[in-house]
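Note sheet for the following structure.
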Amino acid sequence: MYLRAPLYLKWAYALVVLSAVLPIGLASSGWVALATGGTSLGVPFLGPIVLLVIGLYRVFLVAKTPGTLDAPEIAGFGNALRKVGIFLLIFGAAIGALNLISRPLLLAVPSRYTNGAPVFFVVGMYLSMLGGLGLLGLTMFELSRLLGFEQYARKQNS
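The numbering used here puts the first residue of the sequence shown at 623, with every later residue one more than the last.
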């Protein structure tokens, strides 16, 4: 039996992928981008462009193709991976959404309470670090799907 991916999971999946490939909100500010590191490839713009194209293609597939995130039922470790992965995906999507609205929210707070620019940097760093939990959830969710497909194939062959 296949587990159908609910709509909220598709939205969370897309938001986590987009927040990973697009520098949005406070994570896109210059100091946060410098503090979180550069590219791992020799050509500075090649790596991010390839990652952007792959990420946008995956979001397009999830949005347009029904059943893209569906997977066979799985028991044991794979089921635990799926549940924890979905939780972290939803948490990462919430952080991604908060990252989008964080700049206007911080600009609305009077500067005498925020002490100026360091608040933007600190909030941007924390949002950037917590956003990594969404990627961890995405990896766990995809690994649980892979384990489910492998288990399903073994049952079909035996």
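Where is the CB? At the ideal position from N, CA and C, for every residue including glycine.
Same chain, Cβ closer than 8 Å to residue i, neighbours up to 5 away in sequence not counted
i       : result
Met-762 : Leu-703, Arg-704, Val-706, Gly-707, Leu-710
Ile-676 : Val-643
Three-state secondary structure (DSSP) of residue i
i       : result
Pro-694 : strand
Leu-703 : helix
Leu-781 : It is not possible to answer for residue 781, since the shown part of the chain is limited to 623 through 780.
Leu-644 : coil
Residue burial classification, residue i (beta-carbon count within 10 angstroms, cutoff 16)
i       : result
Ala-685 : exposed
Gly-770 : buried
Ile-671 : exposed
Ala-634 : buried
Gly-698 : exposed
Straight-line Cα distance separating residue j from residue i
i       : j       : result
Arg-626 : Thr-690 : 9 Å
Leu-637 : Ala-719 : 8 Å
Leu-678 : Thr-687 : 14 Å
Gly-700 : Ser-766 : 5 Å
Leu-856 : Ile-712 : The requested residue 856 is not part of the displayed model; the chain covers only 623 to 780.
Glu-694 : Leu-752 : With the sequence shown as reference, residue 694 is identified as Pro, and Glu is not the correct amino acid for it. Rounded to whole angstroms, Pro-694 to Leu-752 spans 30 Å at the Cα level.
Leu-728 : Val-681 : 29 Å
Gly-714 : Ser-780 : 39 Å
Ile-717 : Ala-775 : 36 Å
Below-8 Å beta-carbon distance, residue i vs any chain C residue
i       : result
Ile-712 : No chain C appears in this structure, which consists of one protein chain only.
Neighbourhood of residue i by C-beta, 6 Å cutoff - its chain only, sequence neighbours within 5 removed
i       : result
Leu-673 : Val-643
Please determine if the segment 751 to 762 and the segment 631 to 642 are in contact, where contact requires at least 3 C-beta pairs separated by less than 8 Å.
Yes, the segment 751 to 762 touches the segment 631 to 642.
When the Cβ atoms of the segment 713 to 728 are set against those of the segment 741 to 749, are three or more pairs found closer than 8 Å?
yes
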